[in-house]
Structure formats: structure tokens, C-alpha cells
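In what follows, a single structure is set out as C-alpha cells and then discussed.
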Amino acid sequence: MNNISELISLLGGTGFVAEKLEIKSSAVSNWRKLNKIPKNKLNAILSLSSQLNINTEDFFPNKYLDNFNILLIICGGIASYKSLEIIRLIKKTNINLDVVITKSAQKFITPLLVTSLNEKKCYTDLFSVEDETKMNHIMLARKPDFILVAPATANIMAKLANGIADDLASTILLASFSQIILAPSMNPIMWSNLATQENYKKLIERGVEFIEPDVGDMACGESGTGRFPDPKIIFNQVISNMIKRKTTTNQFKDVSIIITAGPTIEDIDPVRFISNRSSGKQGFAIASELSKRGAKVTLITGPVNIPFPKCANIIRVKTAQEMFEKTISQLPADILICSAAIADWKLIPETFTQNKLDQKNKIKKTDQELYFKTVKNPDILATVAKSNLRPNMVIGFSAETNNVIKNAKIKLVSKKIDLIVANEVGENKVFGKDFNKVFLIDKHNCEEWCQQSKKSVASNLADKINKIFNTTNNRDTYA
Ligand SMILES: Cc1cc2nc3c(=O)[nH]c(=O)nc-3n(C[C@H](O)[C@H](O)[C@H](O)COP(=O)(O)O)c2cc1C
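Once you know that position 235 of the sequence shown is 227 in the working numbering, the rest is easy, because the numbers rise by one and skip nothing.
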């Protein structure tokens, strides 16, 4: 087992880590001396490690993993054998592991092999008299903190999405309250099949987490999305997820948060509209992360084409005016996060001879030139931030194509908000992508965050909000 000092060095040294975590260098030096990382800083260290692509497997303080239970379900895919490596990695920790393998998985690996690696019984059968008396399927479903399905076949995704429980694995998945993580792996055509994608969408909406399949060459000779990620990556994700959940659950208990996301659409007539390229991914990731940390999240979203996260309340809107009205209707709240890309204007079509055309019917082509008068939409951020129903914390997003920091700072000051997340949205840079590069700006500081997944931005932003909001409001941070 490597030591913490070595990990700090790998992360860039005492000064760098202290700066990134906004703590004193002496605190980090102390960790090196004690060979310990305080529990409430573990998350930040894990995030930093994953941002820097540093494998923390050898550094995990095993004691944080005491009393953790994982159930690994191995399905019948070509990658089944790779999950044996996941068993080996988990066995190096203090985690208690149980393994279920499906009937199809037994065509690729044997229960005996799994039993030898895990040094305990490998479960295979729903109707086993012996297992039902000792460790029945309901106990197997209730005991784990996390259920990892790896590889998850198209078949198990379909069964879980549709409530089918016809074997041990699928019955456990339906009978469990635990966090379920699926690591799908399959032929690219199977993965992109509408049925699989519908199931994927449904499962995300119900709070199932996914370790996305990789892109590349497949065992079947085809290439595309569907490869099983490196078992070490799966292991690391599950471990950091577990530690994160342990240290952040209830961080935002009783905190009400309104989040706006996605684009708005402004009709020109019943056929045409103007909008923007926002996909809603970043706002949805933030809603999902804060919900998992116990917040009562109301997500107000424009029209999007991605799965909804699991959160307390979802309100769908179309226009900027509707988003404005719905946001106001949800006040008071503790925190407002405006990540939606709201259309700044409505466009009113007119010609030289007619001041305003009838927008209720399709505008016909004429010989006259068509002009559009712009009418400003309400400014949600500024209105709420300056109102007497102002939440304790107001966070805005700023999408810029140039002078990103300067423009974001102007927005921060003029709208009287607390924090702004700024990103450069030149063509093909952010909209619709899974990655983001942002600057986090407040009155005094501007932090540049390295390029990372939108989920990771959401997690780091939640850490930041926790630090500011829970400190300002004298709320206890995690135990
Ligand atoms: C050689 C072979 C490889 C397979 N690989 C995969 C795979 O990688 N992913 C997948 O979803 N299904 C794969 N299948 C199909 C599944 O085994 C099949 O859908 C089975 O019903 C899955 O059962 P389970 O979900 O209960 O494990 C494969 C089948 C064969 C014969």
C-alpha cells in the first residue's frame, strides 16, 4: 500500500493540493506526516485525482471502506471474464463482496472460478432451497450499499427497465433499495438500438447510474460504442462513488434548490421558432448531484432530448416567459442555479406595410421583405437576485464566445449574483457535449477548472456550494 505523501506528490505536491482544495499548505503537510486524509477532504482528493487521471487504487484508506457491501452481478457478455479482475480488486479492500452470475454468464465463466476468487459462495439460482434458507434473494437485494452489474447485457437492461424478474439477478435488482450501477457492454448496434437506448433513458430517469461503455474495436470485429471499460476504471468509479455517497449524503438535507436548465424556444409562428444549442446536460447533472446529496431540487427545464434526472420536482417549460413565471412561482428557495440558456429575445415578424404579422398562423412568403423586431425576454437571474425573495445563494451560468472572464464578471456584478460558472461555447465546444471547461467566478476570485465531464463539474460545483452555503448558514457539513 502506497502512502498519502506519495499520493500528494503525484497530485502535484503540497502547495498545489492546498491551493486546489483552498486550504493551508500546513494542513496538507500534516496529512503527509500522519499518512491520513481527513474524511471531509477525501472527496476533493478523489475529484482532483480523477481530474488529473491519477489512479488512486493503491491509496484508498481501507478504513473508509469498512462495513461496505457490494453485490456484483455478472451477466452473459463477452466481457464477463473481465469482471474477475473487478473481484480481485475489490478483494484487496475491506469491502464485503457477494457475487451473482446469470445463467448466460455461466457459459463464459464458472461459479467455481468466482467462488475461488471471492472465497465465498457464488449465487446463481433463484429457486435454490439451500440459498433460500441461508441467504435468500431478498437478503441479497437488501444487504448491499451498491449493486454493480458488470458487464450489464442489453437483456438485463431491458428486464430492469420493464420490471421483469425471471431469474436471481433480475429479481434482486427489482427488490433492492440500493444504488444500482450498470456497466453495459455489447455490440455497438445492440447499444445504439432504439430499444436499448429507450431502456437506458428510462433507467437513468429512475436513478440508476451508468459507467458508460467505451468506444473502440469490439471482440466481434465491429467497432463503435459498446466496449467494456478497463476493470480498474470501473473499480475506481465505484469506490469514489461509494466514498462520495458516504461523505455527502444529507449534505443538503432540507435545502430547497431551484435549477433551470436547457434551452427555451420562442415561436415565430406555429411552424418556425428560434432557440439555441443548449442540451440541458450540465444543468441536469447538477440537479442529479444535488438531489443525491439530499437537496429538495426543483428542476425547471426547457425542451430537451436527454433523460431526466431523479429529483423532487420537474417542471417543463417552453418559452423564456414560462421559465420566468415558473421560477418565480417556486420561490422562496434557499439556492437558485440558473444554467438554462434562455432566449434573450422574442422575435416579432413584420413587413414595411404591416407592423405585426399574425403569428397564430403560418406566415406566408410574400414579395415584401420580412423583418424581425426583437422584444427582450425577462431576465430571471437579475430579477430574482434583486428581489426581496432572493435565495441565500444565486448562481448563474455565462456562455461566451470571447472575453469569457471579463463578460462573466460584468454579468456577476450587474445582476448582483454570488457565483458565476463561465464557459466558452465556440462552435462544437460545449453544447451537447459530455465535457466542459469552466471558470468559477465570484467577487474576489476566478478559478479555472480543467476540462472534465459535466458530471464532474456538477460534483465539484456541489462541493463548492456546500462550502459556501453550509458555512455561511452555519449548517453542519458531513459527519
Ligand atoms: C458469444 C456471445 C457473446 C455475447 N456477448 C454479449 C455482450 O457482450 N453483451 C450483451 O448484451 N449480450 C451478449 N450476448 C447475448 C447474451 O448472452 C444474451 O442476451 C443473454 O440472454 C444474456 O443473459 P443475461 O442478461 O441473463 O446474462 C452474447 C451472446 C453470445 C453467444
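We treat Cβ as the ideally placed atom computed from N, Cα and C, and that holds for glycine.
Check your understanding: Alpha carbon to alpha carbon, what distance is there between residue 410 and residue 454?
Key -> 14 Å
Point to revise | Opening and closing residue of the beta strand (DSSP E) in which residue 431 lies | key: 430 to 433
Exercise for review: Would you mind listing the beta strand (DSSP E) stretches within the segment 188 to 216 that are 3+ residues and don't spill past its ends, in chain order?
Suggested key: 206 to 209
Review point. Counting pairs of Cβ atoms below 8 Å between the segment 311 to 321 and the segment 363 to 377, do you hit three or more?
Key: yes
Check your understanding: ligand 1 heavy atoms versus the CB of residue 196: any closer than 7 Å?
Key -> No, Cβ of residue 196 sits at least 7 Å from all heavy atoms of ligand 1.
Check your understanding: Do residue 89 and residue 62 have their CB atoms nearer than 8 Å?
Key -> Yes. Within cutoff.
Review point. Terminal residues of the continuous beta strand (DSSP E) containing residue 308?
Key: 305 to 308
Practice item. Please work out which residues of its chain come closer than 8 Å, Cβ to Cβ, to residue 111, disregarding the five sequence neighbours upstream and downstream, and give them in chain order. Key: 83
Point to revise | Collapsed DSSP secondary structure at residue 103 in the structure displayed | key: helix
Review point. On the three-state DSSP scale, how would you describe residue 473?
Key: Nothing in the structure corresponds to residue 473, since the chain is present only between -7 and 471.
Point to revise | Boundaries (first-last residue) of the alpha helix (DSSP H) holding residue 403 | key: 396 to 406 is the span of the alpha helix (DSSP H), which, as asked, contains residue 403.
Practice item. Would you please state the rounded distance, in angstroms, between the beta carbons of residue 281 and residue 391? I believe it to be under 8 Å. Key: Between residue 391 and residue 281 the Cβ distance is about 20 Å, and since that is not below 8 Å, they are no contact.
Review point. Roughly how many angstroms lie between the CA atoms of residue 246 and residue 165, to the nearest whole one?
Key: 29 Å
Check your understanding: Quick one: is the Cβ of residue 102 within less than 7 Å of any heavy atom of ligand 1?
Key -> no
**Study point:** Close beta carbons around residue 259, own chain, < 6 Å, minus the five adjacent residues each side
**Key:** Short of 6 Å from the beta carbon of residue 259, and not among the five residues preceding or following it, lie these beta carbons of its own chain, in chain order: 265.
Review point. Should the segment 121 to 128 be called in touch with the segment 73 to 87, which here means at least 3 C-beta pairs below 8 Å?
Key: no
Practice item. Please determine, among 138, 269, 360 and 172, the residue with the shortest C-alpha to C-alpha distance to residue 333. Key: 269
**Study point:** Nearest-angstrom Cα separation, counted from residue 351 out to residue 469
**Key:** For residue 469, the pLDDT reaches just 43, beneath the cut-off of 50, and the residue's location in the model is therefore unreliable, leaving the point undetermined.
Review point. Looking at C-beta atoms only, is the number of pairs between the segment 177 to 191 and the segment 288 to 301 that lie closer than 8 Å three or more?
Key: no
Practice item. Could you check which residue in 191, 272 and 178 has the C-alpha nearest to that of residue 207? Key: Checking every option, the nearest Cα to that of residue 207 belongs to 178.
Practice item. Find out if the Cβ-Cβ distance for the pair residue 96, residue 136 is shorter than 8 Å. Key: no
Check your understanding: Which residue from 324, 362 and 335 puts its Cα closest to that of residue 342?
Key -> Out of 324, 362 and 335, the CA that lies nearest to the CA of residue 342 is found in 362.
Exercise for review: Tell me, please, which residues DSSP counts as bridged to residue 438.
Suggested key: 433
Exercise for review: Could you say which of 27, 274, 242 and 222 lies nearest to residue 446 if we only look at CA atoms?
Suggested key: 274
Check your understanding: Can you round the beta-carbon distance between residue 65 and residue 141 to whole angstroms, since I take them to be within the 8 Å contact cut?
Key -> With 8 Å as the limit, residue 65 and residue 141 qualify as a contact, their Cβ atoms being about 4 Å apart.
Check your understanding: Based on the DSSP output, what are the partners of residue 90 in its beta bridges?
Key -> In the DSSP output, where bridge partners are listed per residue, residue 90 has 63.
**Study point:** DSSP three-state assignment for residue 123, whether helix, strand or coil
**Key:** helix
Exercise for review: Look at the alpha carbon of residue -7 and the alpha carbon of residue 87, and state the distance between them as a whole number of angstroms.
Suggested key: Residue placement at residue -7 cannot be trusted, given a pLDDT of 44 that sits under 50; what the coordinates show is reported in the next sentence. One C-alpha to the other measures close to 16 Å.
Exercise for review: Just list the beta strand (DSSP E) runs in the segment 282 to 342, keeping only unbroken ones of 3 residues or longer that don't cross its boundaries, in chain order.
Suggested key: As far as the segment 282 to 342 is concerned, its whole beta strand (DSSP E) runs of at least 3 residues are 288 to 293, 305 to 308, 327 to 330 and 337 to 342.
Check your understanding: Contact check, residue 329 vs residue 38 under 8 Å by CB: the rounded distance?
Key -> Not confirmed; about 23 Å, so no contact.
Point to revise | Nearest candidate by alpha-carbon position, reference residue 118, set 167, -1, 338 and 382 | key: 167
Practice item. Keeping to the same chain, check which residues put their C-beta closer than 6 Å to that of residue 441; ignore five residues upstream and five downstream. Key: 430
Review point. Hey, would you say the C-beta of residue 460 is under 7 Å away from at least one heavy atom of ligand 1?
Key: no
Check your understanding: In angstroms, rounded to a whole number, what distance separates the CA positions of residue 439 and residue 456?
Key -> So the two alpha carbons sit approximately 11 Å from each other.
**Study point:** Inter-residue Cα distance where the pair is residue 42 and residue 227
**Key:** Approximately 13 Å between the Cα atoms of the pair.
Review point. Quick one: is the Cβ of residue 315 within less than 7 Å of any heavy atom of ligand 1?
Key: no
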